[in-house]
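For the sequence shown, the working numbering gives the first residue as 239, with consecutive numbering after it. A quick write-up on the structure given underneath.
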Amino acid sequence: MEKRNELYAGKAKSIFATDDPDLLIMHFRDDTSAFDGQRVEQLARKGMVNNKFNAFIMGKLREAGVPVHFERLLSDDESLVKRLDMIPVECVVRNVAAGGLCRRLGIEEGRDLNPPTFELFLKNDALHDPMINESLADSLGYATIEQLATAKRLTFQVNDVLRQLFLDAGILLVDYKLEFGVHKGELLLGDEFSPDGCRLWDANTREKLDKDRFRQGLGGVIEAYEEVGRRIGVDFG
Ligand code: C5P
239 MEKRNELYAG
249 KAKSIFATDD
259 PDLLIMHFRD
269 DTSAFDGQRV
279 EQLARKGMVN
289 NKFNAFIMGK
299 LREAGVPVHF
309 ERLLSDDESL
319 VKRLDMIPVE
329 CVVRNVAAGG
339 LCRRLGIEEG
349 RDLNPPTFEL
359 FLKNDALHDP
369 MINESLADSL
379 GYATIEQLAT
389 AKRLTFQVND
399 VLRQLFLDAG
409 ILLVDYKLEF
419 GVHKGELLLG
429 DEFSPDGCRL
439 WDANTREKLD
449 KDRFRQGLGG
459 VIEAYEEVGR
469 RIGVDFG
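Next comes the structure, spelled out in structure tokens:
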């Protein structure tokens, strides 16, 4: 596999072409961003930790039958993935109220959401990722109703798999964001699953073990990511 030119640099990852037009390399950088990219810092080991965390989770999801773009680990901070035409919409499932939901509706953090909720947001930093819905995403041409229905079904399937996986390690999966794309006509889970894009609380103490540590200036960000990884069985080498 030959690594070629950089195609895209996001806030925490860069995407490179390969000599195979169907495959890309996802490079996890040490950059950490919050508040729609307004605050960016480098955190040592983050690229490696998130790359290996994501590989572990994607492997579990693939075993459970979720179609994923992830192919395999290439190095400490790089993974091989299938090339996707990304749908510019973020799918969020919440099991417990936190973050944007509490701010929007004025409800207290930590309230159980039963059944879990599903929300769609437009991926657009300049507009601060506004909430949208299936009808708008369809009318504006971001995705078809069928693709959105599949994305919703898969996002809930991910909840069934990961909620239990984290709970077995004494961790609450509070909420998470997924992104999907299309590869040869098939909708696949793209992007990443790491503590950057979800909320994870210790099930007993409710200590935050995710990117809220960075957003809220709590410190120990990567140590918390590693702690979660160790508890669920990620091999950081
Ligand atoms: O901010 P909010 O509470 O809506 O976020 C819900 C979940 O989605 C959180 O786990 C957050 O980390 C994730 N998220 C994300 N990227 C965004 C927006 C939210 O990873 N742009």
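We put the beta carbon where it would ideally sit given N, CA and C, even for glycine.
Asked, Found
"Nearest-angstrom beta carbon gap, L411 and F404 [assumed within contact, 8 Å]", "5 Å"
"Of the listed residues E316, M286 and D450, nearest to E240 (C-alpha basis)", "E316"
"First through last residue of the beta strand (DSSP E) which encompasses V304", "Where V304 is concerned, there is no enclosing beta strand (DSSP E), given that its DSSP letter is neither H nor E."
"Cβ-Cβ distance between L416 and T393 below 8 Å", "yes"
"A375 (DSSP reduced to helix, strand or coil)", "helix"
"Those residues which DSSP pairs with Q280 across a bridge", "D269"
"C-beta contact flag for I370 and L386 at 8 Å", "no"
"Beta-ladder partner(s) of T355, from DSSP", "R332"
"8 Å CB neighbourhood of T256 in its chain, flanking five on each side removed", "M239, E240, K241, R242, L262, I263 and L318"
"Of the listed residues L322, P353, I460 and F254, nearest to N288 (C-alpha basis)", "I460"
"Where V472 sits in the DSSP three-state scheme", "coil"
"Selected residue, minimal CA-CA separation from R310, among F356, D429 and M296", "M296"
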